[in-house]
Each structure stands twice: as structure tokens, then as C-alpha cells.
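K.L.:
Residue numbers (the working numbering), protein chains in the order written: chain A, 24 to 486; chain B, 24 to 486.
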């Protein structure tokens with residue numbers, strides 16, 4: 024018999040899980056909408072060519088690709104001639120690109136870029152959208168790492184103003200506060216400043232990528248670890264750079280900015296990056312959701328290759344990874360159209376947020392202890408089914424969530440079931456009650472029981 | 024340059040589309056929950072073996088299959104030895120099952136059956152769940168037929184009582200009424216009755232499947248068309264059957280039931296089916312959402328092979344297909360576990376509902392004419408950015424949805440943009456206004472403009 028488990032790295036969400044997920048998603052949507060962001064949804068799969076070459080080498084390997092169908096698949100996999108020879112040998116080495124034409128969405132940013140390029144005339148000049156959908160990556164499953172997971176993205180397209188960054192940071196901080204987080208840190212850096220710092224340390228431009236990868240691990244492996252990584256990759260100039268990082272880590276932002284400015288000297292784009300960071304700090308200084316949590320961290324690098332300016336990440340102390348991150352990508356949309364359109368966005372990881380909230384017990388009681396219905400109605404006998412269904416109909420029209428025990432059964436069994444699903448009240452509708460237009464209402468938490476007119480049920484349950 | 028269109032048969036949903044979809048989904052969820060159904064979500068893809076053999080031959084062909092990855096793919100597609108010979112020939116004929124290990128969800132019923140078998144001990148004895156998620160079928164795209172579409176399923180697992188059918192019908196009818204439909208018909212039939220009718224017509228058991236397929240087309244191709252299909256497939260006994268269908272179509276239900284009972288004679292399971300239908304009609308007779316719309320239609324067959332008892336379908340006059348359908352499948356869950364568990368469900372097709380609502384103009388104004396924000400705040404100059412952001416912060420904390428123009432710009436351009444996105448109010452925050460703690464508030468619909476204290480903005484907009 025086939026396994027009944029979900030596919031490797033994926034999960035079924037039973038009702039209690041879905042309610043928690045929807046609670047968090049509801050707050051995220053609410054806040055994004057209060058900032059004027061609009062909902063967008065894109066298909067689960069994209070043409071393979073849309074995604075190819077956008078995520079670097081690893082991304083290409085981790086993408087779930089969909090098999091071609093029918094004739095097109097047969098062309099590749101089926102023997103077309105019975106002769107054995109050169110042609111056969113060639114056909115046996117089949118490339119993935121011959122077998123697949125579609126791939127599952129790997130993130131929500133590349134689909135957004137495609138949508139913007141495809142709908143330039145229908146979309147407003149500045150397009151502010153949010154998108155909360157699953158993405159799929161064929162990563163090795165591990166604790167907290169799944170092959171299907173939700174991203175909650177918010178992006179503003181069409182402006183290179185740093186007001187965009189300030190608003191994004193404010194929105195994301197507001198969400199975390201509304202969810203009950205008070206110890207998150209928003210780290211801020213800039214790709215141009217990073218490049219300038221590497222250049223000023225004497226690191227060659229062609230080693231930039233490798234150096235950023237090593238640098239990004241600073242908080243995990245420490246300065247010695249980074250030095251070792253630099254050595255292993257043959258990068259010189261690390262000592263210099265690590266000294267700088269340590270010297271700015273412990274001082275006030277203003278003084279750190281001066282140190283950084285001195286370090287990068289007249290490297291124009293690095294100064295530009297510093298300028299941008301200064302302005303974001305200024306814009307954010309008086310916003311209610313952001314206070315001490317916003318810091319410049321020049322060791323922040325972020326993995327994705329498409330970032331061009333500001334990069335951002337949010338962390339909490341009790342989680343190894345980040346709750347979310349983002350940045351500016353002024354070059355991505357241009358890959359899909361004639362026009363180069365600036366854009367900046369932030370992505371919150373739903374699964375990470377849920378893990379921390381679960382561990383800290385942050386769900387409000389109405390979510391943590393939710394029940395499938397406000398009341399269950401019993402069925403006395405085959406002859407009284409219609410009476411029970413009618414009562415359910417009445418109570419629903421009064422706004423109650425009502426479940427009906429599905430068949431005539433012993434009252435004890437019906438009560439036991441009500442208890443097992445956690446409904447707070449049970450309406451017993453026996454022959455006597457029906458004759459007298461009454462119900463017997465049992466409070467399952469206190470055990471109290473009272474007989475009342477059926478018109479009173481709503482009122483008693485609501486108390 | 025790559026195409027910027029979504030993949031064939033799929034769609035991007037821009038904000039106005041998403042709002043309409045969410046409006047309908049919101050009502051569906053609300054009503055399902057008022058009946059005590061709980062939310063379930065399952066992964067987008069399943070192990071291939073979970074789905075294989077559940078949907079009949081067509082289903083197998085229309086499934087989107089996911090390519091194996093890494094080593095496991097290379098094992099199948101790469102040449103392992105340079106010799107040319109028997110082995111090579113064999114390897115060239117690669118089967119789909121060798122290339123794929125996962126497939127996209129084809130419906131929501133089979134995943135439910137798997138989840139029930141997998142979580143029997145955690146789930147209540149009667150499990151009532153709803154699930155609103157996309158499914159994927161590699162069908163030829165056509166008007167109203169997509170490769171990615173949402174199903175809104177509701178199922179009750181664990182009881183063979185017909186109370187389940189009555190509650191499902193009531194829930195679905197309530198949804199359609201809440202959405203504004205008043206001309207839908209719910210058609211009801213029973214697989215056992217169908218089999219009995221075919222047997223009584225002298226149709227051989229092995230021709231049952233073919234006969235049902237032909238019969239299901241009666242409303243599309245008429246009695247002559249069905250007769251021709253029967254002839255083409257070498258099925259005899261059609262005249263008999265079609266006469267019966269015509270004789271019961273035009274009479275009252277009670278009289279039709281008598282005619283049907285006479286026709287099937289002492290065929291036990293057919294009489295059982297008739298009995299079931301009678302009981303569903305009785306249970307439904309006094310429910311507020313169901314009145315004249317519930318009819319027995321013995322020509323209804325439904326495509327899926329897993330139905331065992333009641334089958335149901337909902338139609339409206341101006342749509343060729345159905346708005347949804349369902350039935351009882353008491354054998355499906357047993358395919359995944361040791362235990363045979365009865366179940367019955369209904370699936371509403373979101374896309375079909377949306378098409379009809381769009382054509383009929385059924386969306387309420389707040390959905391049809393929704394705007395991305397209640398108010399837009401202008402930015403006067405680089406120096407006043409902070410003031411604009413602070414005002415946005417204030418108004419959001421008062422519950423307004425606020426968008427900020429992202430950069431200092433000519434006031435005319437800012438107004439033009441506000442107009443293009445349809446915000447009803449614009450807050451102009453110029454130097455004078457800032458000095459006086461005022462804003463100039465423009466009503467974009469009437470053109471009226473007034474200067475007021477910033478504390479009054481909320482009040483004026485809410486009026």
C-alpha cells in the first residue's frame with residue numbers, strides 16, 4: 024500500500040495549523056493594505072525560461088521542473104528508429120532542458136518582474152503590491168526548512184526614492200509589533216557600500232562575489248572563521264576589513280558612518296551607498312513602529328544576486344536564520360522588457376514567524392484554542408432529523424457556527440464526540456424539548472445544563 | 024527576449040481580480056465555517072503513487088508531473104556505458120514513471136483521503152473539512168478552461184448518514200444565495216439507482232461505464248445524440264431508457280419516484296438509491312436555503328469514477344458547465360488505509376462562479392470599485408519628507424489606508440497619479456500647511472478642497 028505521508032519536505036496543515044497561519048497572514052495583509060499595497064497573485068508555475076538564470080547556479084539546481092507532456096515528451100524519450108548507431112548514443116544523453124518546459128515558482132520577485140513588464144500600460148506608474156503565496160525549492164529538508172513554504176512579499180515598483188525603503192521598513196516593523204514581537208532588529212546595508220569597502224580593502228573585483236559570501240557568515244562563524252574562508256579562497260585584504268567591521272560594530276551609528284566614509288574614501292558609489300543609508304535612517308527616525316531596532320550592519324550581504332542598492336534583514340535573538348529580508352533591485356525588471364524600472368521589496372518568511380510564535384506561545388487564545396463550532400446540535404431519532412436541521416438553520420441565520428451530529432445515536436456518544444471536538448455548547452433536542460419548543464443547552468466547560476426556549480439559545484451562548 | 028506572458032493556460036491576477044476572488048472566497052469560507060467545517064490545506068504536489076490510478080485514464084494523462092532531480096534523474100537520462108547494444112535500445116525508451124516522482128494536485132478529494140488515512144487518530148470521528156486551493160490539469164486551454172484553477176471543497180468524513188448530504192446541499196445553496204444567485208438548480212442522482220436503471224434497460228454490466236458517459240451528455244446533445252452514442256458503442260436498450268428519462272423529466276418528483284421504482288423493479292441497490300434520494304429530499308424540505316431548486320435528475324452521471332452513492336451538480340441557465348458538483352465516495356479513503364471510511368463532499372468551481380458574477384455584474388460596489396487606499400499624501404520637497412511620513416503614520420494609526428507619493432515631485436504630477444489609482448482623497452502637505460499644523464484635503468470625486476487641522480482628516484474622509 025502506498026505511503027499516506029505528504030511528499031518529502033512538504034506538510035499537511037490540519038485545522039489548528041491553518042487557523043494560526045491565517046491569523047498571521049491576516050495581520051500581514053491588513054498592515055500591507057494600510058500602506059496602500061495591493062494584492063497580486065501569479066501562477067504556481069512559470070515557463071522555464073522565465074526563471075532560468077535569475078537565481079544563480081544554486082537556484083537552478085533547486086528548482087522543481089515540470090515534465091513535458093504528450094507528443095513533446097515522446098519526442099525526447101521514445102525510440103524513433105530501430106537502428107543502433109550514432110544517433111542513439113546522442114539521444115541517451117538527455118538534457119533537463121529537453122524534458123521540461125515549466126518550473127514551480129522559486130520566489131515571488133521574479134514573477135513580479137515578469138508581471139510588471141507584461142502589464143506596464145495597465146499598471147500605475149508606481150505599483151505597490153503585496154503577494155502571499157507558496158514557493159517551492161528542492162532543498163534538503165531540515166528542521167524548519169521545507170520544500171514548500173510561504174513568502175509574504177511587499178514591493179514598490181517605479182521609484183528609486185528612499186522613501187520606498189522607509190515605508191517598507193515601517194510596514195514590516197508594524198507587522199511584527201502587531202504580532203507581538205518586541206525584540207527584533209532590522210539590519211541595513213547597501214550593495215554599493217559593500218563593493219566600495221571590498222575595493223578599499225584591496226580585494227579584486229573578480230573576488231567580490233566570493234568575499235561577500237564569506238562576509239555574510241560573520242555572525243555565524245566569527246571573525247576567525249571569515250579570515251579562514253578568505254584565506255581558503257585566496258582573498259587578501261580581510262584583516263583590514265574585519266578590523267573595520269569590529270570598529271564600527273560597537274559605536275553609535277553616526278560615528279560608524281564617519282569611520283566608514285573615511286575607509287571608502289572617494290569611491291563614488293560607496294559614498295552614494297552611505298548617503299542612501301543616512302537618508303533611510305533620517306526618514307525612519309520619527310516613525311512609530313521603528314525606534315532603536317533599525318541598525319546599519321556592514322557585514323550583511325544577502326544571498327540573492329539581483330540586489331543593486333539597499334539590503335535589509337530582520338532577526339530575533341532566538342532564531343538562527345532571519346524572519347525576512349529584502350532590498351533594492353533596479354536591474355531585474357529590465358531583464359524582461361525594454362524598460363529598466365527601479366524596484367525595492369521585502370519578503371517575510373511565514374514559516375519562520377510561525378515557528379518563533381509557536382515556541383514563545385504568542386497566539387491569542389481565540390486562535391490557540393479555537394473550536395470548529397459555537398454549538399453542536401444532537402439528533403434524537405430518525406423521526407426528529409428535520410427538527411435538528413431546522414434548529415441548525417435558525418441558529419446559523421442568527422450568526423452562530425453550528426455543527427449537527429450527523430446521525431441518530433446514543434446521547435452519550437454524541438456528547439463524547441462534542442467533547443472531542445471542543446465545542447463549548449451542546450443543544451439537546453429530544454422529543455420532550457421538541458413538543459415544548461424548547462432545547463436543553465449544555466455548557467461543556469462548566470457542565471451546567473438548562474432547558475430554555477429555542478429563541479434564547481443565541482443569547483445564552485453569546486454570554 | 025523571453026515572453027512575459029504567464030505559462031499557457033494560467034493567469035496573473037492583478038489587484039482588481041484578486042479582490043473579487045477574495046470576496047467570493049470570503050463568503051464561501053464564512054458559510055462553510057457556519058456549518059462547522061474546518062479548514063485544511065495540503066501541499067501543491069503529492070507523491071506520484073498517491074495520485075496514480077485515482078482519476079481514470081484521462082486523469083493520468085492530464086496530470087502535471089514533476090521531473091526527478093539530481094542523481095536520480097541522471098540515472099535515467101545519462102549514458103552509463105559507451106557500448107552500443109541491447110541496453111542502449113532499452114534505455115532510449117524511457118517511461119514517464121522513470122522520470123517523475125511527484126505530481127501537482129489534480130483535485131482536493133484524493134489529498135483529503137490521504138490526510139484522513141494518515142491522521143486517523145488525531146482527527147475527530149466525524150471530520151468536516153473545507154479546502155480552498157488551486158489544482159492543476161494539463162487540459163487544452165479554452166474559454167473558461169484553465170490549467171490552474173481553484174476548487175472550493177467541502178467534505179464530511181466518517182458518516183454514511185444522509186444528513187451529511189442535506190447539510191452539504193444546504194451549505195452550498197446558502198453560499199450561492201449570499202453571493203446573489205437566485206436561479207440555480209441543484210440536480211441530484213444516485214450511482215446505485217443509475218446502475219439499476221441500466222440493468223433494467225438490459226444494458227450489460229461491462230457497458231455500464233460507456234453508457235454513463237453517453238447519458239451524462241443528454242442535456243448537451245439531446246435524446247437523438249445519446250441514441251447515436253449508444254449505437255456507436257454497440258449498447259442496446261437505449262430506447263427504453265430514454266423513454267423513461269423523458270417520462271420522469273416532466274412530472275412531479277413524487278410521481279417520478281414511483282415511475283422509477285416501477286422501472287427498476289426489485290433491483291435492491293437501485294431501490295436503496297431511490298430511498299436515499301427520497302430521504303435527502305425530506306431532510307432538505309424545510310431548510311431556508313433550499314426550496315424549489317432541488318430536483319432529482321436521473322440523467323446526471325458525473326465523470327469521476329470514485330463516486331458510490333449520491334451524486335449532485337449545480338447549474339445556472341447562462342453557463343454551459345456546472346458551478347460545482349459532488350457526491351458520496353465510500354470507497355476512496357480505504358484505498359489509502361486499512362479502514363474503509365464513508366465520505367461525501369461537494370466542490371464549487373471558483374472560476375465558473377466568477378465568470379457568471381462578472382457577466383451579470385453581481386459584485387457589490389465596494390469590491391467592483393475598490394481603491395488601493397483611502398487617501399494619498401503628497402510630498403512637497405526633500406525637506407518635508409519626514410512630515411509626510413509622520414502624517415501617514417498618524418492616519419494609519421487611526422485606521423485609514425494611506426499611500427504616500429514616493430518622491431518630491433510637481434503637485435500636478437502627484438495629483439495625476441492619485442487620479443490614476445483612484446484614491447478618493449489627497450492630502451496636500453505644503454510648507455504653509457506644515458507651519459500651521461494643517462493639511463489641504465482634496466476630494467478627488469467632487470473636486471472640493473478644504474484646509475483643515477490634521478486631526479480632522481480622519482473624520483472628513485470617513486463621512
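Idealized CB from N, CA, C, for every residue including glycine.
All of these numbers come straight from a predicted model, not from anything done at the bench.
1. Helix, strand or coil, according to DSSP, for residue 220 of chain B in the structure here?
2. I'd like to know if the region 116-136 of chain B and the region 183-193 of chain B are in contact, where contact means that at least 3 CB-CB pairs between them fall below 8 Å.
3. Check residue 156 of chain A in the structure and name its three-state DSSP category.
4. At 8 Å on the CB atoms, spell out the chain B contacts of residue 89 of chain A, in chain order.
5. Is the Cβ of residue 188 of chain A closer than 8 Å to any Cβ of chain B?
6. Going along the region 249-263 of chain A in order, which residues come within less than 7 Å of chain B, judged by CB to CB distance?
7. Could you have a look at residue 493 of chain B and say whether DSSP puts it in helix, strand or coil?
8. Using a 10 Å radius around the Cβ and a threshold of 16 neighbouring Cβ atoms, would you call residue 237 of chain A buried or exposed?
9. Which runs of the alpha helix (DSSP H), 4 residues or longer, sit entirely within the region 452-478 of chain A?
10. Report the neighbours of residue 500 of chain B on chain A: residues whose CB is nearer than 8 Å to its CB, in chain order.
11. Given residue 377 of chain B, which residues of its chain have a CB within under 7 Å of its CB, disregarding the five upstream and five downstream residues?
12. Report the partner residues of residue 150 of chain B according to the DSSP bridge assignment.
13. Go through its chain and collect everything with a Cβ distance to residue 324 of chain A's Cβ below 8 Å, but skip five positions before and after it.
14. How would you write the range of the beta strand (DSSP E) that residue 280 of chain B sits in, first residue to last?
15. What does the alpha-carbon distance come out to for the pair residue 200 of chain B and residue 400 of chain B?
16. Note the first and the last residue of the continuous alpha helix (DSSP H) segment covering residue 317 of chain A.
17. Counting only beta-carbon separations shorter than 8 Å, does residue 117 of chain A have a partner in chain B?
18. Is there contact here, the region 250-257 of chain A with the region 285-305 of chain A, by at least three beta-carbon pairs under 8 Å?
19. I'd like the list of long-range same chain contacts for residue 105 of chain A, defined as Cβ closer than 6 Å, with 5 residues on each side in sequence excluded.
20. Restricting to Cα atoms, I'd like to know which of B/133, B/65, B/329 and B/185 is closest to residue 306 of chain B.
21. Would you mind sorting residue 485 of chain A into buried or exposed? The rule is 16 or more other CB atoms within 10 Å of its CB.
22. Across the region 352-372 of chain A and the region 410-417 of chain A, are there enough close Cβ pairs to call them in contact, namely three or more that are closer than 8 Å?
23. Can you list, in chain order, the residues of its chain with a C-beta nearer than 7 Å to that of residue 112 of chain A? Leave out the 5 residues immediately preceding and following it.
24. Measuring only between beta-carbons, confirm whether residue 481 of chain B sits less than 8 Å from chain A.
25. Could you say which of A/146, A/317 and A/468 lies nearest to residue 275 of chain A if we only look at CA atoms?
26. Kindly indicate which residue of B/266, B/197 and B/202 has the alpha-carbon position closest to the one of residue 221 of chain B.
27. Whose C-beta lies closer than 6 Å to the C-beta of residue 173 of chain B among residues of the same chain, with five residues either side of it excluded?
28. Is any beta-carbon of chain B found at less than 8 Å from that of residue 177 of chain A?
29. With a CB to CB cut of under 8 Å and the five nearest residues on each side skipped, what residues in its chain are close to residue 54 of chain B?
30. At a Cβ threshold of 8 Å, is residue 165 of chain B touching chain A?
31. What do you reckon, are the CB atoms on residue 461 of chain A and residue 450 of chain A nearer than 8 Å?
32. When we look at the beta-carbon of residue 175 of chain B and count the other beta-carbons within 10 Å, is it buried (16 or more) or exposed?
33. Does the region 88-101 of chain A come close enough to the region 119-126 of chain B that 3 or more CB-CB pairs lie under 8 Å?
34. To the nearest angstrom, how far is the alpha carbon of residue 308 of chain A from that of residue 319 of chain A?
35. Quick one: give me the first and last residue of the beta strand (DSSP E) that residue 344 of chain B is part of.
36. Suppose only complete runs of 4+ residues qualify. What are the alpha helix (DSSP H) ranges in the region 40-76 of chain B, listed by chain order?
P.N.:
The relevant details are as follows:
1. helix
2. no
3. strand
4. 87, 88, 89, 90 and 127
5. no
6. none
7. Residue 493 of chain B lies beyond the stretch modelled for chain B, which goes from 24 to 486, so this question has no answer here.
8. buried
9. 454-458
10. Residue 500 of chain B is absent from the structure shown; chain B starts at 24 and stops at 486.
11. 43, 44 and 47
12. B/180
13. 212, 217, 235, 236, 238, 239 and 334
14. Premise fails: residue 280 of chain B lies in the alpha helix (DSSP H), 276-287, not in any beta strand (DSSP E).
15. 40 Å
16. Taken as a continuous stretch (DSSP letters only), residue 317 of chain A belongs to no alpha helix (DSSP H), being part of the beta strand (DSSP E) at 317-319.
17. yes
18. no
19. Residue placement at residue 105 of chain A is flagged as unreliable, the pLDDT there being 49, under the threshold of 50; the coordinate-derived value follows with that caveat. None.
20. B/185
21. exposed
22. no
23. Low confidence applies to residue 112 of chain A: its pLDDT is 48, below 50, so where it sits in the model is not reliable, and the reading given next is rough at best. Cβ within range, chain order: n/a, list empty.
24. no
25. A/317
26. B/266
27. 157 and 373
28. no
29. 194, 197, 198 and 201
30. no
31. no
32. buried
33. yes
34. 13 Å
35. Premise fails: residue 344 of chain B is in no beta strand (DSSP E) and is neither H nor E.
36. 71-74
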